[in-house]
Structures are given as C-alpha cells and as structure tokens.
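Asks: My structure is below; once you've seen it, I'll send some questions.
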Amino acid sequence: MSRIVAAVVGCIFVFALGEARADSWNETFESAGALVAGEGSSVLVVHAGERSEAGVRATQALMESVRRQAELVMDTSALGDVSGLADQEIVTRSAHLPVTRVAILRHFPGEGEGTAVVTVYDKEATVLASFSAVPGKPVAQAGQGVSPGAVGAVGSLSAQERLSAEEALERYERTYLWFEDWVAVTRTGAVVASWSNPLQGKHKKRISPAEFFEAVDRPDLAATYRSRQAWKTGLSLGGSVLTLGGLAYLLVEILGDMDGGFDSTPLIIGGSVMTGGIVLGLVAGSMNPYPITNVEAKELADEHNKKLRRQLGLDREAKGKVRPGIAALPGGGGLTLSGSF
Amino acid sequence: MLGALLALVLTGGAADPLAALEARQQAIFERVAPSVVFIQGADGFGSGFFVSDDGLVLTNAHVVGKASKVAVVLHDGRRLEGEVVERAPDAIDLALVRVKASRRPLPLGGRSLRVGSWVASVGHGAGGAWAFTTGMITNIYPRGSERPLLQTQIPLNPGNSGGPIVDREGRAVGIVTKGLAGSDSINFAIRMEFALRSLEGLRAACDCLSISAPTGIPVLVDGEMVGKGPVVVLPAEARTYRVQAVVDGRLRQVDVSYPEVRSVSLE
Numbered sequence: 001m002s003r004i005v006a007a008v009v010g011c012i013f014v015f016a017l018g019e020a021r022a023d024s025w026n027e028t029f030e031s032a033g034a035l036v037a038g039e040g041s042s043v044l045v046v047h048a049g050e051r052s053e054a055g056v057r058a059t060q061a062l063m064e065s066v067r068r069q070a071e072l073v074m075d076t077s078a079l080g081d082v083s084g085l086a087d088q089e090i091v092t093r094s095a096h097l098p099v100t101r102v103a104i105l106r107h108f109p110g111e112g113e114g115t116a117v118v119t120v121y122d123k124e125a126t127v128l129a130s131f132s133a134v135p136g137k138p139v140a141q142a143g144q145g146v147s148p149g150a151v152g153a154v155g156s157l158s159a160q161e162r163l164s165a166e167e168a169l170e171r172y173e174r175t176y177l178w179f180e181d182w183v184a185v186t187r188t189g190a191v192v193a194s195w196s197n198p199l200q201g202k203h204k205k206r207i208s209p210a211e212f213f214e215a216v217d218r219p220d221l222a223a224t225y226r227s228r229q230a231w232k233t234g235l236s237l238g239g240s241v242l243t244l245g246g247l248a249y250l251l252v253e254i255l256g257d258m259d260g261g262f263d264s265t266p267l268i269i270g271g272s273v274m275t276g277g278i279v280l281g282l283v284a285g286s287m288n289p290y291p292i293t294n295v296e297a298k299e300l301a302d303e304h305n306k307k308l309r310r311q312l313g314l315d316r317e318a319k320g321k322v323r324p325g326i327a328a329l330p331g332g333g334g335l336t337l338s339g340s341f
Numbered sequence: 342m343l344g345a346l347l348a349l350v351l352t353g354g355a356a357d358p359l360a361a362l363e364a365r366q367q368a369i370f371e372r373v374a375p376s377v378v379f380i381q382g383a384d385g386f387g388s389g390f391f392v393s394d395d396g397l398v399l400t401n402a403h404v405v406g407k408a409s410k411v412a413v414v415l416h417d418g419r420r421l422e423g424e425v426v427e428r429a430p431d432a433i434d435l436a437l438v439r440v441k442a443s444r445r446p447l448p449l450g451g452r453s454l455r456v457g458s459w460v461a462s463v464g465h466g467a468g469g470a471w472a473f474t475t476g477m478i479t480n481i482y483p484r485g486s487e488r489p490l491l492q493t494q495i496p497l498n499p500g501n502s503g504g505p506i507v508d509r510e511g512r513a514v515g516i517v518t519k520g521l522a523g524s525d526s527i528n529f530a531i532r533m534e535f536a537l538r539s540l541e542g543l544r545a546a547c548d549c550l551s552i553s554a555p556t557g558i559p560v561l562v563d564g565e566m567v568g569k570g571p572v573v574v575l576p577a578e579a580r581t582y583r584v585q586a587v588v589d590g591r592l593r594q595v596d597v598s599y600p601e602v603r604s605v606s607l608e
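In structure tokens, the structure reads:
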C-alpha cells in the first residue's frame with residue numbers, strides 16, 4: 001500500500017515539476033512575442049538542433065507568446081525533420097510557407113533547464129533579432145524603447161492617415177460645413193424673412209438639419225430635432241385633417257339641408273372641428289424644431305471645420321510646421337524625421 | 342542644539358539630495374566640457390568631442406559638410422584647423438575630424454542605456470558656448486535588428502549637432518544629430534554602438550571590447566544581440582559580460598571580465 005502511495009506521490013511530484021518548468025519558460029518568453037513578431041507578421045516557430053524536453057517546453061512557451069502578437073503562427077510540422085539543419089537551410093526550406101518570419105529556437109542543455117537562443121529571420125534569411133534566455137528570467141524588453149511591432153502598427157496607421165497636401169485639401173473641400181443664408185426683402189429694402197440652409201463641401205451638397213447635427217458630432221441635438229420635427233409634422237397633419245374634415249362636414253350638412261330650416265348644430269360641430277384644426281395648425285406652425293439658434297449652429301460648423309483641418313494636417317501645413325512620423329521599414333520600423341540642426 | 346535637532350528631523354537625517362544631485366551634475370559638466378569642441382564647417386557651426394587622446398574628434402557629417410578642413414575651437418579658446426578624416430557610409434550623419442591637440446577623450450558607453458536613463462549634453466546650441474543641458478532618454482527606436490536612434494527631451498538647438506549625449510558617469514552614449522523643428526524638445530541622437538559600427542577610425546581609437554565571430558552570425562552580450570560577425574566592437578565598463586553566439590548549431594559562450602580581457606573570439 002505504502003509503495004502505491006509513494007508511486008502516486010512521485011507521479012504528482014514529477015507532473016508538478018514539469019508544470020513548474022513550463023511555467024518558468026512562460027515567464028521567460030512572456031514579452032518575447034514583441035521581439036519576434038512585427039505588425040501583421042506571420043511566424044514559423046522552429047525548434048532546431050537536438051531535441052530535448054526542455055527545448056520543447058521552451059518552444060511551446062515562445063509560440064504562446066508569439067501567438068499574442070502575430071496574425072499567424074506555424075510550427076515545424078510542415079517542414080519535416082529540421083534537427084540537423086543550419087538556420088539558413090531551415091529558412092530556405094520554409095520558402096513555400098505563408099509566413100513572413102522564421103523564429104528558430106535552439107536549446108542547449110546546461111545548468112537547470114539550460115539555455116535557449118532564439119534567432120529571427122525574414123524570408124531572405126536576414127537576421128531581424130536574436131536573444132538568449134534561461135527559464136524564469138524574462139527576456140529583457142523593458143526600457144529598451146518602442147518595439148518594432150509597435151512601430152510597425154503605428155506606422156501602418158499613420159501611413160493611412162498621412163495624406164498628401166492635395167489629398168487633404170480635397171477631402172476638406174468635400175466635407176467642410178457651411179450655411180447658405182437667404183434674406184427676403186421688400187422693394188423698399190425691408191427684411192421680411194431670413195433663413196439658413198446647412199450645406200456640405202464645395203459642391204453645395206444639401207444636408208438636413210439632423211444630418212448637420214450628426215456631422216458636427218452632436219447626436220443629442222439630432223435626436224431632439226427629429227423628435228420636435230415629428231411632433232410638428234404630426235400636429236400639422238392633424239390640424240389639416242380636422243380643418244378639412246370640419247369644412248367638409250359643414251358643406252355636406254349645409255348643402256344637403258338647403259330646404260329645411262336653420263339648424264345651428266352642424267355649424268357648431270363643423271366650426272368647432274375646423275377651429276380645433278386651425279389651432280393645431282397654428283401650434284404646429286409656432287413650434288421651433290431647432291434645439292439651438294442659427295448663430296450657435298454656425299459656431300458648431302466653425303468648430304467642426306477647425307477640427308477637420310487639424311485632423312487632415314492642414315493647420316500644420318498652413319503654419320509650416322514639420323510632422324514627425326513613424327514608418328514601417330523593411331525588417332522593422334523607423335522614424336521619419338524632417339528638420340535638422 | 343535644538344536647531345540642529347530640528348534640521349535633523351526635517352531632513353530625515355539624510356544629506357540634502359538636491360545638493361548631491363547638483364554637485365553630481367556640476368562634476369559631470371566639469372569632466373565633459375573640456376572634451377567638447379566648437380566646429381565651424383562650410384555650411385554652419387556645430388559641436389564635436391574628443392574620442393581619442395591623439396586628437397580625434399567625433400561629430401556629425403552635416404556639421405563638416407563637404408569641406409576637407411574645418412575650424413575647431415577648443416574649450417580653452419585655442420583655435421585650430423581640423424582635417425576631416427572619415428565620413429560614415431550610407432549617409433549616416435557621422436564624421437571624424439583630426440586636430441593637432443591632445444585632450445582627454447570622453448569614455449564611451451551605452452550598454453546600459455534604457456528609456457528613462459538620465460542623460461546630458463554639452464554643446465553650442467543656438468551659439469551658446471559649452472552650454473550644459475540635461476534630460477533623459479525618451480525612446481530608443483529600432484531599425485531592423487538594431488536600435489540605432491535615441492530620442493531625448495534634453496533641450497537642444499541648432500549648434501548642438503555633433504555634441505555628445507553623456508550618461509550619469511560622463512560616458513558618451515550618443516551623438517546629437519537632429520531635432521524636430523517646432524516641437525517641444527523632440528531631439529535625436531545616434532547611439533554610440535551604431536557609431537562604432539559605422540566609423541572604422543572610431544573603432545580603432547576606442548578603448549572597447551572587441552568580439553569576433555563568423556561573418557553574419559549574431560553576437561549576444563548578456564542575452565541581447567549587439568551585432569553580427571565578423572567583428573563587434575562595444576563600449577564596455579569594468580565588469581563581467583556573458584558573450585554568446587550560435588556557430589554551426591553549437592553555443593559558443595564566454596564570460597569576459599573587462600578590462601582584463603579586451604578581445605574575444607567566438608570562431
């Protein structure tokens with residue numbers, strides 16, 4: 001009995017030891033993915049050289065870390081036995097695979113779990129990165145500066161946003177907001193009415209007030225406008241229906257009873273309905289669906305246009321300032337600079 | 342007695358840390374400034390600094406321009422003629438100038454540089470002579486397998502170009518190269534390790550750790566890649582480094598105590 005217990009305890013111990021060793025490689029490669037994988041990269045992770053259990057554990061831990069960074073991670077199952085191959089031969093053999101990088105891990109036995117050396121190549125077998133690691137000691141990443149992956153990610157975004165001056169100007173001219181003001185005057189010059197229509201861009205695209213509020217990033221105002229406009233339309237329609245209904249009732253009753261004596265009832269009913277309709281129409285007509293004044297709307301348009309110019313870099317262009325940029329470069333990333341001492 | 346006790350309580354019994362910082366900064370300036378020179382090139386002026394005791398000055402290529410001779414003013418006011426002896430290839434903004442003068446060279450460093458490291462510069466920004474400015478490393482940019490570009494928020498101006506970026510030990514860890522016009526102290530320096538790879542004359546003059554390995558093989562120092570064979574030259578300090586390379590599938594590993602050992606082969 002005691003032997004069985006001892007065997008079970010031994011198995012648990014060995015299992016726990018294996019788990020602990022795997023954990024320590026996980027700790028080692030926790031942030032290594034950023035060193036191995038760039039923005040949008042697909043990586044083949046290879047355990048090269050003599051196979052060992054520690055090497056397998058290290059490779060699995062590295063793959064886990066790379067998976068958090070890369071779009072695709074492949075193992076060596078497609079390459080066959082690579083244990084005896086040099087790095088260059090492995091990269092050459094992986095030429096047909098849909099990967100952009102090859103990370104080769106070689107494990108060397110030694111004290112404890114030994115040492116792992118990781119070398120990262122592009123498809124032309126150019127070394128992109130290399131580092132060595134021992135279990136439990138995280139691969140140095142902190143404080144070394146921005147990672148190539150982060151530079152690549154920012155570079156791809158800023159490249160999308162980086163428009164030429166002409167493109168930026170064209171986009172601005174198509175999307176800025178403005179108002180067309182109308183003033184009605186009499187022959188003597190007296191102003192009897194004025195109104196403004198919101199327009200977008202140089203082609204004078206007419207937009208509704210709700211679209212205007214949404215364009216200036218004020219959906220709350222758009223919702224208020226729509227609600228008020230719905231009430232106004234409803235009251236207006238209701239008023240029209242009542243007015244016309246009352247009129248029709250009156251006409252039918254009066255014309256249909258021309259021979260009879262005067263009966264005031266249809267007049268009272270039809271008149272009341274008509275009056276109610278007219279009142280509703282007047283209420284609808286007096287309702288202002290706009291949640292802000294015309295001046296406030298123009299201020300919103302101004303702010304929107306300024307923000308648009310900023311986003312498109314047109315304000316900087318105007319001031320002649322230099323824009324820094326981070327750009328993706330072959331094998332990583334780099335900084336694009338302008339201006340010099 | 343009571344006053345002394347009160348001072349002890351207020352300072353927590355420790356020396357004034359601000360005074361210590363001030364003294365340290367002053368000491369660094371005193372040590373660095375005599376090694377810095379003013380350079381008048383064909384297209385403008387800039388800074389430079391001695392990297393050898395036989396008159397070799399490191400500066401920017403854009404400071405010397407296309408001239409073969411430049412005017413060099415030493416910290417003691419002496420005006421000399423300098424000869425441009427080397428320009429870095431591939432439009433890297435570095436050049437070496439030789440003057441007939443002997444000055445203490447700045448020791449080179451940079452291995453321990455991290456984002457947040459304290460750094461300073463002495464130079465001639467906007468015409469200010471031997472002005473001392475301080476700051477920190479705000480980023481280190483990668484390019485391929487290297488990290489050659491330091492960003493710093495040390496206040497720098499035209500005229501600082503070619504001057505040293507020094508660490509808290511007074512070691513030159515970078516060379517001022519550019520700044521973004523209209524920005525708030527977004528300035529850049531070329532890392533010293535990259536300068537060593539780019540200038541043969543600098544490698545020859547450097548009191549450095551030299552590692553040889555087969556051509557193209559990555560060389561690792563303390564786990565980090567520092568370059569590729571055939572030769573990697575590193576600014577080093579007095580301590581033990583673990584040098585590694587994988588050659589023919591085998592790990593070559595040597596623990597090197599610098600400065601006792603100054604060159605090692607992993608071939």
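Chains A and B, in that order, give the protein sequences.
Mapping to our numbering: the first sequence position 299 is 299, numbers consecutive.
Counting from 1 along the second sequence, just add 341 to a position and that's the residue number in our numbering.
Where is the CB? At the ideal position from N, CA and C, for every residue including glycine.
#1: Taking C-beta to C-beta, are Thr115(A) and Val134(A) nearer than 8 Å?
#2: Does the structure place the region 235 to 252 of chain A close enough to the region 271 to 284 of chain A that three or more beta carbon pairs sit under 8 Å?
#3: Tell me whether Val295(A) is buried or exposed, calling it buried when 16 or more other Cβ atoms sit within 10 Å of its Cβ.
#4: Is Ala461(B) near the ligand ADP - that is, is its Cβ less than 7 Å away from at least one heavy atom of it?
#5: Give the range of the alpha helix (DSSP H) segment to which Lys306(A) is assigned.
#6: Output needed in chain order: residues of the region 572 to 596 of chain B with a Cβ under 9 Å from some Cβ in chain A.
#7: Give me the residue from Leu44(A), Thr92(A), Arg57(A) and Ile90(A) with the minimum Cα distance to Met74(A).
#8: Could you say if the region 464 to 473 of chain B and the region 483 to 491 of chain B meet the contact criterion of at least three C-beta pairs nearer than 8 Å?
#9: For Ile495(B), which of helix, strand or coil comes out of DSSP?
#10: For Asn26(A), which three-state DSSP category applies?
#11: In the DSSP assignment, find the unbroken alpha helix (DSSP H) run with Thr76(A) in it and report its ends.
#12: Taking the alpha carbon of Ala554(B) as the point to measure from, which residue in Lys569(B), Gly564(B), Asp563(B) and Arg544(B) has its own alpha carbon closest?
#13: Less than 8 Å separating the beta-carbons of Ser24(A) and Gly136(A)?
#14: What is the DSSP secondary structure of Glu422(B), reduced to helix, strand or coil?
#15: Taking the C-alpha atoms as reference points, what is the distance between Ser343(A) and Arg310(A)?
#16: Look up Pro430(B) in the DSSP assignment and say whether it is helix, strand or coil.
#17: Beta carbon of Leu255(A), beta carbon of Ala215(A): below 8 Å?
#18: Could you give the distance in angstroms between the alpha-carbon of Gly382(B) and the alpha-carbon of Ile506(B)?
#19: Please classify His465(B): does DSSP put it in a helix, a strand, or coil?
#20: With respect to the alpha helix (DSSP H) encompassing Ile254(A), which residues constitute its N-terminal and C-terminal limits?
#21: Reducing DSSP to helix, strand and coil, say where Glu534(B) ends up.
#22: Could you tell me the boundaries of the beta strand (DSSP E) in which Gln348(A) lies?
#23: Taking only beta-carbon atoms, is Gly619(B) less than 8 Å away from chain A?
#24: Where does Asp122(A) fall in DSSP's three states?
#25: Along the chain, where does the alpha helix (DSSP H) that runs through Tyr172(A) open and close?
#26: Below 8 Å on C-beta distance, what does Leu561(B) contact in chain A?
#27: Taking its Cβ as the centre, do 16 or more other Cβ atoms sit within 10 Å of Lys202(A), making it buried, or is it exposed?
#28: Mapping the DSSP letters down to three states, classify Gly570(B) as helix, strand or coil.
#29: Could you check whether Phe391(B) and Pro446(B) sit closer than 8 Å to each other, using their CB atoms as the reference points?
#30: What residues are listed by DSSP as bridge partners for Phe212(A)?
#31: Going by DSSP in three states, Ile478(B) sits in which element: helix, strand or coil?
#32: Residues in the same chain with beta-carbon distance under 8 Å from Val241(A), minus the five sequence neighbours each way, listed in chain order, please.
#33: Which residues in the same chain have their Cβ closer than 8 Å to the Cβ of Val14(A), if we skip the five residues on either side of it in sequence?
#34: Using 8 Å as the threshold, is the region 524 to 532 of chain B in touch with the region 97 to 106 of chain A, meaning 3 or more CB pairs across them?
#35: Any chance the region 420 to 429 of chain B sits against the region 511 to 530 of chain B, with 3 or more Cβ pairs inside 8 Å?
#36: Determine the contact status of Ser77(A) and Gly33(A), defining contact as a CB-CB distance below 8 Å.
Replies: The relevant details are as follows:
#1: Counting from one through the first sequence, the residue named residue 115(A) turns up at place 115. Counting from one through the first sequence, the residue named residue 134(A) turns up at place 134. In this structure, Val134(A) lies closer than 8 Å to Thr115(A) by Cβ.
#2: Under the three-pair Cβ rule at 8 Å, the region 271 to 284 of chain A counts as touching the region 235 to 252 of chain A.
#3: Translated into the one-based positions of the first sequence, residue 295(A) becomes position 295. Val295(A) comes out exposed.
#4: Annotation note on the ligand ADP: not contained in the displayed structure, which lists no ligands.
#5: Position 306 of the first sequence, counted from the first residue, corresponds to residue 306(A). Taken as a continuous stretch (DSSP letters only), the alpha helix (DSSP H) holding Lys306(A) covers Asn294 to Gln311.
#6: Within the region 572 to 596 of chain B, the residues whose Cβ lies closer than 9 Å to some Cβ of chain A are Arg583, Gln585, Ala586, Val587, Asp589, Gly590, Arg591, Leu592 and Gln594, listed in chain order.
#7: Position 74 of the first sequence holds residue 74(A). Nearest Cα to Met74(A) within the set Leu44(A), Thr92(A), Arg57(A) and Ile90(A): Leu44(A).
#8: Inter-segment contact for the region 464 to 473 of chain B and the region 483 to 491 of chain B is absent: fewer than three beta-carbon pairs are separated by less than 8 Å.
#9: Within the second sequence, the letter at position 154 stands for residue 495(B). It is coil, neither helix nor strand.
#10: Looking up residue 26(A) in the first sequence gives position 26. Helix at Asn26(A).
#11: As a working mapping, residue 76(A) is identified with position 76 in the first sequence. Looking at the DSSP string, Thr76(A) is not in any alpha helix (DSSP H), and its letter there is neither H nor E.
#12: As a working note, residue 554(B) is residue 213 in the second sequence. The candidate whose alpha carbon is nearest that of Ala554(B) is Lys569(B).
#13: Taking the first residue of the first sequence as position 1, residue 24(A) is located at position 24. Taking the first residue of the first sequence as position 1, residue 136(A) is located at position 136. Result yes, Cβ atoms of Ser24(A) and Gly136(A) sit closer than 8 Å.
#14: As a first step, residue 422(B) is located in the second sequence; it is residue number 81 there, counting from the start. Three-state DSSP puts Glu422(B) in a strand.
#15: No statement about residue 343(A) is possible, as the shown extent of chain A runs from 1 to 341 and does not include it.
#16: Against the second sequence, residue 430(B) aligns to sequence position 89. In the displayed model, Pro430(B) falls within coil according to three-state DSSP, outside both helix and strand.
#17: In the first sequence, counting from the first residue as 1, residue 255(A) sits at position 255. In the first sequence, counting from the first residue as 1, residue 215(A) sits at position 215. The Cβ-Cβ distance between Leu255(A) and Ala215(A) does not fall below 8 Å.
#18: What you label residue 382(B) is simply residue 41 of the second sequence in a count that begins at 1. What you label residue 506(B) is simply residue 165 of the second sequence in a count that begins at 1. Approximately 21 Å, taken between the alpha carbons.
#19: Numbered from its first residue, the second sequence carries residue 465(B) at position 124. Note: His465(B) maps to coil in three-state DSSP.
#20: Numbered from 1 along the first sequence, position 254 holds the residue referred to as residue 254(A). Unbroken alpha helix (DSSP H) run through Ile254(A): Pro219 to Gly256.
#21: Counting from 1 along the second sequence, the entry for residue 534(B) is found at position 193. Looking at Glu534(B) - three-state DSSP - the assignment turns out to be helix.
#22: Summary: the structure shown does not reach residue 348(A), with chain A confined to residues 1 through 341, and so no result is reported for it.
#23: Within the shown structure, residues of chain B are numbered from 342 to 608, placing residue 619(B) beyond reach of any answer.
#24: Stepping through the first sequence from its first residue, residue 122(A) is reached at position 122. Looking at Asp122(A) - three-state DSSP - the assignment turns out to be strand.
#25: To locate residue 172(A), count along the first sequence from 1; it is residue 172. Element bounds for Tyr172(A): Ala165 to Thr175.
#26: Within the second sequence, residue 561(B) is the residue found at index 220, counting from 1. Those within 8 Å of Leu561(B) in chain A are Val117, Ser130, Phe131 and Ser132.
#27: Numbered from its first residue, the first sequence carries residue 202(A) at position 202. Within 10 angstroms of the beta-carbon of Lys202(A) lie fewer than 16 other beta-carbons, which makes it exposed.
#28: In the second sequence, counting from the first residue as 1, residue 570(B) sits at position 229. Shown here, Gly570(B) sits in a strand according to DSSP, grouped into three states.
#29: Numbered from its first residue, the second sequence carries residue 446(B) at position 105. Numbered from its first residue, the second sequence carries residue 391(B) at position 50. Going by C-beta atoms, Pro446(B) is nearer than 8 Å to Phe391(B).
#30: As a working note, residue 212(A) is residue 212 in the first sequence. Under DSSP, no beta-bridge partner is assigned to Phe212(A).
#31: The sequence position of residue 478(B) within the second sequence is 137, counting from 1. In the three-state scheme derived from DSSP, where H, G and I count as helix and E and B as strand, Ile478(B) is classed as strand.
#32: The residue labelled residue 241(A) in the question sits at position 241 within the first sequence. Counting only Cβ-Cβ distances below 8 Å, and skipping sequence neighbours, we find Gly277.
#33: As a working mapping, residue 14(A) is identified with position 14 in the first sequence. Any reading at Val14(A) is ruled out, since the residue's pLDDT is 49, under 50, leaving its predicted position unreliable.
#34: The region 524 to 532 of chain B, when compared against the region 97 to 106 of chain A, does not touch it at the 8 Å Cβ threshold.
#35: By the Cβ test, the region 420 to 429 of chain B is not in contact with the region 511 to 530 of chain B, since fewer than three Cβ pairs between them sit closer than 8 Å.
#36: On the first sequence, residue 77(A) is found 77 positions in, with the first residue counted as 1. On the first sequence, residue 33(A) is found 33 positions in, with the first residue counted as 1. Taking 8 Å as the Cβ cut-off, Ser77(A) and Gly33(A) do not qualify as a contacting pair.
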